[in-house]
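One structure below.
2 protein chains.
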Amino acid sequence: MPVDGRLVRGEATRRAILERATDVASVEGLEGLSIGRLAADLELSKSGVFALFGSKEELQLAAIRFAGDIFADNVTRPTLEVEPGIGRLRALCENWLGYSERRIFPGGCFFFHTGAEFDARPGRVHDAVAEAGTAFSVFITRTAREAQDIGELRADIDVSLLAFELHALGQAANADSVLHGGIEPYRLARAGMRNRVGGAASTSRPPMASVPQGVPAARRWPGSASAG
Amino acid sequence: MPVDGRLVRGEATRRAILERATDVASVEGLEGLSIGRLAADLELSKSGVFALFGSKEELQLAAIRFAGDIFADNVTRPTLEVEPGIGRLRALCENWLGYSERRIFPGGCFFFHTGAEFDARPGRVHDAVAEAGTAFSVFITRTAREAQDIGELRADIDVSLLAFELHALGQAANADSVLHGGIEPYRLARAGMRNRVGGAASTSRPPMASVPQGVPAARRWPGSASAG
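Those sequence lines, one after another, are chains A and B. Residues in the first sequence are numbered consecutively from 424, following this note's numbering. Residues in the second sequence are numbered consecutively from 424, following this note's numbering.
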C-alpha cells in the first residue's frame, strides 16, 4: 500500500511545530505560545496550524506530551538501561543533570519552567505539568527503593526524603544555571547528590550470591505522557 | 507644615497597585501584569496608573522591589534578630519555609515564580530577579559562614555547598507545594534542612568563654532592592 503523502507531510509539519513550540515555551512559557506566532515563525498558514491542533490549549497540551517524549529519551530511558541499584540511581542523577546542562531545550528543563508558570493556575495545562512532575518524582523514589530492596541503600534510609533531596538539587542546578549562567550550580548539585547517595549507601554490600533474584525493575517510563 | 494630601493619596494608590501587582505576578507571572488590567482591577483610571509607573517594564521593576521589601520583612529581617551562629541558620530556614507556606503571595514565593519566568529572557527584569536571587544566596552563605567562623559548624564543611543545598530544599518545597498542593513538601524540606545543618554542626562546641567576641554580623539586608 503506498504511503499517504499528505499524512507524512502532516506528521512532519506537526513535529516541526511542536519542536518550535517546546523551544519557545522553555524560554517564554506556554502562555507565550500562539498559533499565529508559530505559523509565522515556520512560514505556515495559520489555518493549517489551527487544523492540526484546534486551539491554543490543545497546542499547549501537545507541547507538554512532546516534551515528555524528549525528557524520556534523554533521562528516563537511558537510566532504565542501567541495572537496578545504586548505579541506576547515580545514572538517573547524571542523566538528568546532563539533560539540563546540554540545554536540550534552550531555556533549560522544559518542565521546570512550565511547572513554575502553571503551578498556581488551575486547568488542564496545570494538571498535565503537575502529572509530569509527579511521574518523575515517583520514578526517582522507585529507583531509590529498588536500590534499597537489593541492599545497596541502608534499610533505615527514608527513600521519599532521599528522592526529594535529589529532585531539589537537580531543580536548583537547572534554575540557578539558567538564571545566572555558568556551570557552578551543576558542580554543586553533583557534589550534593554524591553526598546524599554515598551517605545512604550500605557500608557492607551483601555478596553477589545473596542479592535477591527477580527484583522487579522500575516499570517502563510511560514515554508519551510523563516527565518532570 | 501640612501633609500634602495629593502626595499621601499618590503613595497609598501606588502601594495598592503594587500589592495587587505582586499578587497577580506570583500566580500569572510578571508578563501577566498590564497597566490596563491593574487599573480595571482597582477601579482606577488607566492614565492615573500610567502616570505613576510610566511603562509596563517600570511597573514590573517596581513590583520586584516591592516584593523584595515583603521578603525582607518576612525572611531576612527576622533572621537577623537571632544571634549569629547555627541558631540563626536554623531560623533562616524556618523563616523562609514559613514565608512560602503561609502564602504571603498567593502563588507562593514571588521570586521563585518570576525567576523561572525570566530566567532565559535577557533584559532589565531578568537582571532584577537574578540580582534578588543572588542576594539571597549570598545571605544564606554568609549566615552559614558566620556559624562556621564562631565554631558552630565544622571547619571542613563547604559552606557554599551547604547554602546551595538549603536553598535547593526551600525552593523545592515551595515549587512542589504550589504545584501539587499539600504540606508534605515542607515536612520533607524541614527534615532535609535539619539533616544538613545537624550533619554540619560541630560535635563539640567551644565553651562560651572561648567564642570569639566581635564577630561581625551579616550586614543588614538591603531591604528595598533584594530578595530571592
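Beta carbons are placed, not taken as given, at the ideal position from N, Cα and C, and that holds for glycine.
Give a yes or no on whether the minimum CB-CB distance between S457 (chain A) and chain B is below 9 Å. no
Buried or exposed: S470 (chain A), going by 16 or more other Cβ atoms within 10 Å of its Cβ? exposed
Measuring CA to CA, which of A:T537, A:V472, A:F533 and A:A486 is closest to N497 (chain A)? A:F533
Let's test the definition: count the other Cβ atoms within 10 Å of the Cβ of T499 (chain A) and tell me whether it reaches 16, buried, or not, exposed. That one is buried.
Cα-Cα separation between K479 (chain A) and S523 (chain A), rounded to whole angstroms: Approximately 27 Å, taken between the alpha carbons.
Is R577 (chain B) near the ligand ATP, in the sense that its beta carbon is under 8 Å from a heavy atom of that ligand? Absence of the ligand ATP from the depicted structure is noted, as is the absence of any ligand whatsoever, leaving it without description.
Closer than 8 Å by C-beta to A624 (chain B): which residues in its own chain qualify, once you throw out the five before and the five after it? Chain order, please. The residues are I509, E575, L576 and R577.
Under a CB-based cut-off of 9 Å, is D464 (chain A) close to chain B? D464 (chain A) is outside the set of residues whose beta carbon lies under 9 Å from a beta carbon in chain B.
L515 (chain B) and T502 (chain B) closer than 9 Å at C-beta: yes
Proximal residues of chain B, C-beta to C-beta of P529 (chain A) below 9 Å: Within chain B, A543 have C-beta atoms less than 9 Å from the C-beta of P529 (chain A), given in sequence order.
Alpha carbon to alpha carbon, how far is R544 (chain B) from F652 (chain A)? Give it in angstroms, no decimals. Given a span of 424 to 651 for chain A in the structure shown, any question on residue 652 (chain A) remains unanswerable.
Bounding residues of the alpha helix (DSSP H) (the contiguous stretch that carries C516 (chain B)): I509 to E524
Whose Cβ in chain B lies nearer than 8 Å to the Cβ of S583 (chain A)? L611
Within chain B, the residues that V450 (chain A) reaches when beta carbons sit closer than 9 Å: Residues of chain B whose Cβ lies closer than 9 Å to the Cβ of V450 (chain A) are, in chain order, D542, A543 and R544.
Quickly, what does DSSP pair A624 (chain B) with across the bridge? List them, please. Per DSSP, the beta bridge partners of A624 (chain B) are B:L576.
Whose Cβ in chain A lies nearer than 7 Å to the Cβ of T626 (chain B)? Those do not exist, as T626 (chain B) stays about 17 Å from chain A at its closest Cβ, beyond 7 Å.
Cβ pair count under 8 Å reaching 3, the segment 577 to 593 of chain B against the segment 553 to 566 of chain A: Remark: fewer than three beta-carbon pairs, one from each stretch, lie closer than 8 Å, so the segment 577 to 593 of chain B and the segment 553 to 566 of chain A are not flagged as touching.
Assigned exposure category for S600 (chain B) - 16 Cβ within 10 Å defines buried: Counting C-beta atoms within 10 angstroms of its own C-beta, S600 (chain B) has 16 or more neighbours from the protein chains shown and is therefore classed as buried.
In whole angstroms, what separates the C-alpha of E569 (chain A) from that of R619 (chain A)? 16 Å
State the start and end residues of the unbroken alpha helix (DSSP H) segment that holds S478 (chain B). Element bounds for S478 (chain B): n/a, residue is neither H nor E.
Could you give the first and the last residue of the continuous alpha helix (DSSP H) run that contains A598 (chain A)? V582 to H603
Same chain only: Cβ atoms within 8 Å of S457 (chain A), ignoring 5 sequence neighbours per side: These residues qualify, in order along the chain: K479.
Which first and last residues belong to the alpha helix (DSSP H) in which L453 (chain B) is found? From DSSP, L453 (chain B) is part of no alpha helix (DSSP H); its letter is neither H nor E.
With DSSP run on the structure shown, which of helix, strand or coil describes L503 (chain A)? Three-state DSSP puts L503 (chain A) in a helix.
Would you mind telling me which residues of chain A sit closer than 7 Å to V601 (chain B), beta carbon to beta carbon, in chain order? D542 and A543
Excluding the 5 residues flanking P630 (chain A) on each side, which residues of the same chain have their C-beta closer than 8 Å to its C-beta? Interpretation of P630 (chain A) is limited by its pLDDT of 47, a score under 50 that renders its predicted location unreliable; the figure taken from the coordinates is listed afterwards. Answer for P630 (chain A): no residue qualifies.
Spatially closest choice to A612 (chain A) from A:V472, A:N518 and A:A439, by CA coordinates: A:N518
Which residue comes first and which comes last in the alpha helix (DSSP H) that contains A539 (chain A)? F533 to F541
Own chain, CB closer than 8 Å to P529 (chain A), minus 5 neighbours either side, in chain order: D446, S449 and V450
So, under 8 Å CB-CB, A567 (chain A) and A586 (chain A) are touching, yes? Tell me the CB distance rounded to an integer number of Å. 5 Å
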